[in-house]
Amino acid sequence: MSLAELLEKAEKYLPPEKVALVKKAYEFAAEAHKGQTRKTGDPYIEHPLQVALILARVQLDANSLAAALLHDVPENCGIPVEKIKAKFGPEVAKLVDGVTRLGKISWQAPGDPQARHQQAENLRKMLVAMAEDLPVVFIKLADRLHNMETLHALPPDMQQRIAQETLEIYAPLAHRLGIWELKWRLEDLSLRYLERAKYDKIARLIAARREQRESFITQIIEIIDAEFKRVGIKADISGRPKHIYSIYQKIQRYETLGKDFDDIYDLLALRVQVGSVSDCYNALGVIHSQWRPLPGEFDDFIANPKGNGYQALHTAVMYMGTMPLEVQIRTREMHRLDEYGVAAHWRYKEGGERDIHFEERIAWLRQLIDWHRELSGAEEFLESVKTDIFIDQVFVYTPKGEIKDLPKGATPLDFAYRVHTEVGHRCIGAKVNGKLAPLNYQLNNGDVVEIMSAKAEKGPSRDWLNPHLGYIKTSHAQEKIRQWFRRQERAENIERGRALLEKEMRHLGLKPAEREELAKLFEFDNVDDFLAAIGYGGVSTHQIALKLSAQPPTPAKPVVAPPAPPEATVQVLGMGNLVTNLARCCRPVPGDPIIGYITRSRGVTIHRRDCYNVVHEDERERLVAAEWGHTDSLYPVNIQVEAWDRVGLMRDITTIVAEEGVNLGSVEVNNHDDHSVTLYFTFQARDLPQLSRLMGKIDGIKGINSVFRVGDEAMTRPKSST
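Residue numbering for the sequence shown is 6 to 727, as defined by this note's numbering.
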């Protein structure tokens with residue numbers, strides 16, 4: 006690529022004096038990078054030139070193009086930012102300095118236990134920098150895109166790490182800024198390195214059908230064009246490319262439904278661009294009169310734009326009665342804004358006039374800054390961004406017609422906290438579309454939500470923080486609830502935490518003496534601090550189950566044992582090929598801390614570490630360290646439930662079991678004279694977190710007194726059966 010190509014792009018939308026600034030910046034950068042090369046072997050100046058060209062495609066202003074050309078000069082050439090300021094002015098220097106500081110961020114450090122915290126802190130810096138000076142992040146996105154295009158020059162482990170960062174951070178950021186041109190390219194390139202076999206397979210399937218697809222599109226365009234001319238609609242009609250990552254996502258969804266690639270009908274897609282909003286709806290009417298629309302496939306994103314400002318009409322019709330066709334209709338201006346997103350507004354914002362569309366599209370950034378001030382730690386900020394900003398949105402209304410955007414899966418409680426913290430704290434119920442709805446109801450696009458509030462001062466319920474119950478989706482609402490509980494008396498939080506922990510330890514079959522070990526796992530200096538954190542919601546019982554399931558076993562000396570089948574799901578001493586059997590006395594499941602016992606004739610029997618038979622084993626030399634291997638197997642677990650007998654009790658329990666997707670092996674019942682009942686269940690569980698979630702939900706059923714794990718000896722006592 007040459008400078009001439011960049012200047013040709015810039016001349017289409019910049020005045021001559023601004024184009025001269027871009028040329029001057031190139032000449033300065035070319036001289037500074039003289040003699041330097043990249044890992045690919047190309048002259049180094051090729052990289053900033055490509056970054057600037059990417060930004061010229063989205064028609065960014067001259068200062069941003071100049072900064073893109075100069076962005077590696079301070080770091081790689083030792084030229085101070087002050088010199089750039091003297092030569093190109095304070096605005097360009099400020100952007101170069103901002104990009105240089107962001108360039109020092111190391112997103113992940115493999116093997117470093119602080120990696121997640123570091124990633125969270127870096128994301129916080131990047132997003133705050135973006136809110137302060139948006140072009141800095143435009144340049145960073147373009148920089149990442151060109152780095153992805155030349156990723157082949159790096160070692161495989163770095164390719165994987167950078168591709169994962171790109172998919173998790175940079176592509177969602179481009180999406181939230183509405184820059185479609187960058188988003189789809191970042192996603193496709195990431196998939197190429199993360200799932201190369203699947204990427205190549207999809208690319209081959211698309212290529213194999215290209216001729217047939219293009220033939221159909223040509224026929225369709227001719228038919229629609231003739232109809233538009235007949236009614237006087239001037240339109241640009243073209244086939245709309247489906248990108249590899251979007252097809253990959255659709256295949257993932259279809260596989261869960263038992264469908265395959267042949268069922269993805271919207272590979273046939275059409276884009277219609279017209280001159281006005283009224284023409285959009287007229288064009289829709291023409292298409293629907295020509296072919297039968299498919300039910301449930303129409304979306305009006307013109308009347309209800311997406312959170313990143315995207316606008317269009319989406320519909321799907323049955324072409325010639327046999328072939329589904331997806332159609333996107335929008336104005337030419339909507340198309341320009343969709344391709345370039347917030348960047349499309351930035352050039353006009355420079356003039357100083359207030360751009361309403363620009364203000365709307367970065368409203369979420371202001372929300373981000375508010376959260377940045379409120380959230381106590383970097384990891385909470387990371388979670389709030391990933392869950393509240395980087396995922397799909399739903400748009401709901403207040404009773405007065407005000408739109409609120411929330412993450413998909415959000416509930417009326419999330420809505421209440423989005424309106425105001427006090428509205429959330431005082432919430433006692435909700436109406437959705439005029440009807441009473443449970444507080445864990447998942448909101449849909451277009452819902453009208455009314456929050457019912459207590460008149461007297463009232464605090465939130467601790468149950469709202471229980472992830473098993475599904476009351477809260479957004480990190481913003483979770484943090485507000487935790488803040489409320491943190492302000493309560495420490496003694497009250499400790500007592501509440503102790504009660505919650507004891508209940509969870511009974512669920513998991515742990516002993517009270519293991520509280521200190523759990524506190525250390527969560528890096529608390531003493532048990533009281535740990536209990537207080539559980540009490541105010543800083544640590545959830547679900548996190549305890551997850552943390553236990555991730556713990557490695559205690560190392561021990563190797564012990565020779567008989568060979569085992571290759572499908573073994575337990576590894577003894579870090580070696581998988583040993584005959585293993587799960588002990589029936591304690592029924593371990595993946596996530597339980599386990600230990601092996603070398604038997605005389607049946608290989609190694611796997612017990613829970615706290616199993617009575619292990620604790621009281623005299624021949625300690627026959628005990629051997631063990632860990633769970635990767636498995637998709639299901640494991641039998643015995644559960645005892647104590648409850649007050651009532652009509653519908655068994656129905657309520659089995660409904661929750663079915664909703665969790667857990668197999669129910671057997672049920673036995675023992676009725677007592679005081680109208681209480683003991684229920685014995687054998688479940689087929691996948692792992693400890695799934696078991697913890699299921700037991701937590703059963704524990705919340707009306708009339709349940711306790712839920713805990715038991716061994717086979719409890720299941721063999723005489724009792725009546727059902």
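Backbone N, C-alpha and C fix where the C-beta goes; we use that ideal spot for every residue, glycine too.
The structure presented is a predicted model; accordingly, all values stated were derived computationally and were not measured.
Unbroken alpha helix (DSSP H) run spanning residue i, endpoints
{"i": "Ala147", "result": "Leu139 to Glu154"}
{"i": "Ile225", "result": "Arg215 to Val236"}
{"i": "Gly657", "result": "Reading off the sequence shown, one finds Asp at residue 657, where the question assumed Gly. Run containing Asp657: Leu654 to Glu664, per the alpha helix (DSSP H) assignment."}
{"i": "Leu3", "result": "An answer regarding residue 3 cannot be provided, because it is not within the stretch 6 to 727 covered by the chain."}
{"i": "Tyr476", "result": "First-last for Tyr476: undefined, no H or E at that position."}
{"i": "Asp704", "result": "Leu693 to Asp704"}
{"i": "Glu521", "result": "Arg520 to Leu526"}
{"i": "Leu536", "result": "Val532 to Tyr541"}
{"i": "Leu470", "result": "Leu470 -> no alpha helix (DSSP H), and no H or E assigned at all."}
{"i": "Pro412", "result": "Taken as a continuous stretch (DSSP letters only), Pro412 belongs to no alpha helix (DSSP H), being part of the beta strand (DSSP E) at Ile408 to Pro412."}
Limits of the beta strand (DSSP E) - the one that residue i falls within
{"i": "Arg714", "result": "Ile709 to Val715"}
{"i": "Pro329", "result": "Met328 to Thr336"}
{"i": "Gln278", "result": "Ala274 to Val279"}
{"i": "Gln689", "result": "Ser681 to Ala690"}
{"i": "Val78", "result": "No beta strand (DSSP E) holds Val78; the alpha helix (DSSP H) holding it covers Val78 to Cys82."}
{"i": "Ala321", "result": "Leu318 to Tyr324"}
{"i": "Val454", "result": "Val454 to Ser458"}
{"i": "Tyr175", "result": "Looking at the DSSP string, Tyr175 is not in any beta strand (DSSP E), and its letter there is neither H nor E."}
{"i": "Asn676", "result": "Asn668 to Asn676"}
{"i": "Tyr602", "result": "Ile599 to Ile603"}
{"i": "His52", "result": "Note, His52: premise wrong, no beta strand (DSSP E); alpha helix (DSSP H) at Glu51 to Arg62."}
DSSP three-state assignment for residue i, whether helix, strand or coil
{"i": "Asn498", "result": "helix"}
{"i": "Met163", "result": "helix"}
{"i": "Pro563", "result": "Note that Pro563 scores 39 on pLDDT, short of 50, meaning its location in the model is unreliable; the coordinates nonetheless yield the value given after this. Pro563 falls in the coil class under three-state DSSP."}
{"i": "Ala442", "result": "strand"}
{"i": "Gly429", "result": "helix"}
{"i": "Trp633", "result": "strand"}
{"i": "Lys14", "result": "helix"}
{"i": "Asn4", "result": "This structure leaves residue 4 out entirely; the chain is present only between 6 and 727."}
{"i": "Asp102", "result": "helix"}
{"i": "His157", "result": "helix"}
{"i": "Pro641", "result": "strand"}
{"i": "Lys239", "result": "coil"}
{"i": "His38", "result": "coil"}
{"i": "Arg503", "result": "helix"}
{"i": "Ala9", "result": "helix"}
{"i": "Tyr198", "result": "helix"}
{"i": "Asn586", "result": "strand"}
{"i": "Lys29", "result": "helix"}
{"i": "Tyr402", "result": "strand"}
{"i": "Pro21", "result": "helix"}
{"i": "His612", "result": "strand"}
CA nearest to the CA of residue i, picked from the options
{"i": "Ile661", "options": "Val629, Asp615, Asp704 and Val674", "result": "Asp704"}
{"i": "Tyr640", "options": "Tyr685, Leu696 and Gly290", "result": "Leu696"}
{"i": "Tyr18", "options": "Ala61, Ala30 and Tyr31", "result": "Ala61"}
{"i": "Gly464", "options": "Ser7, Arg431, Ala630 and Ala524", "result": "Arg431"}
{"i": "Pro598", "options": "Gly608, Arg613 and Phe686", "result": "Arg613"}
{"i": "Ala37", "options": "Ala690, Pro85, Asp304 and Asp623", "result": "Pro85"}
{"i": "Asn618", "options": "Ala630, Val629, Leu70 and Tyr602", "result": "Tyr602"}
{"i": "Glu32", "options": "Asn152, His481, Ala72 and Glu624", "result": "Ala72"}
{"i": "Leu139", "options": "Ala202, Leu199, Lys188 and Asp66", "result": "Asp66"}
{"i": "Gly280", "options": "Lys44, Ala421 and Arg341", "result": "Arg341"}
{"i": "Pro752", "options": "Gly596, Tyr198, Val141 and Ile50", "result": "Since the displayed the chain opens at 6 and closes at 727, residue 752 lies outside it and no answer follows."}
{"i": "Glu624", "options": "Thr604, Leu506 and Phe233", "result": "Thr604"}
{"i": "Leu8", "options": "Val63, Glu22, Leu70 and Pro20", "result": "Leu70"}
{"i": "Gly543", "options": "Glu522, Leu506 and Met510", "result": "Leu506"}
{"i": "Val652", "options": "Gly708, Pro48, Arg627 and Glu227", "result": "Gly708"}
{"i": "Val5", "options": "Gly414, Asp452 and Ile486", "result": "With the chain running from 6 to 727 in the structure shown, residue 5 is simply not present."}
{"i": "Phe221", "options": "Arg245, Ile207, Ala208 and Tyr204", "result": "Arg245"}
Count the CB pairs spanning the segment 437-449 and the segment 469-479 that are closer than 8 Å, and state whether there are at least three.
-> With the cut-off at 8 Å, the segment 437-449 and the segment 469-479 touch.
Counting Cβ pairs, one atom from each stretch, are 3 or more of them under 8 Å apart for the segment 273-290 and the segment 146-153?
-> Not touching, per the Cβ criterion.
Does the segment 522-538 touch the segment 497-512, meaning 3 or more C-beta pairs lie closer than 8 Å?
-> Yes: the two stretches touch, three or more of their Cβ pairs being nearer than 8 Å.
Taking one C-beta from the segment 168-182 and one from the segment 191-199 each time, how about it: are there three or more such pairs within less than 8 Å?
-> Flag = yes, the segment 168-182 and the segment 191-199 touch.
Segment contact, 8 Å Cβ cut-off, at least three pairs: the segment 43-60 with the segment 84-103 | In this structure the segment 43-60 does not lie against the segment 84-103, because fewer than three pairs of beta carbons, one per stretch, are closer than 8 Å.
Could you tell me whether the segment 285-300 touches the segment 332-339, using the rule of 3 or more Cβ pairs below 8 Å?
-> Taking one beta carbon from each stretch, the segment 285-300 and the segment 332-339 have 3 or more pairs nearer than 8 Å; the two touch.
Quick check: the segment 82-97 against the segment 183-192, are there 3 or more CB pairs under 8 Å?
-> Between the segment 82-97 and the segment 183-192 there are fewer than three inter-stretch CB-CB distances shorter than 8 Å, so the stretches are not counted as touching.
Three or more C-beta pairs closer than 8 Å, one from the segment 39-50 and one from the segment 150-168: is that the case here?
-> Flag = yes, the segment 39-50 and the segment 150-168 touch.
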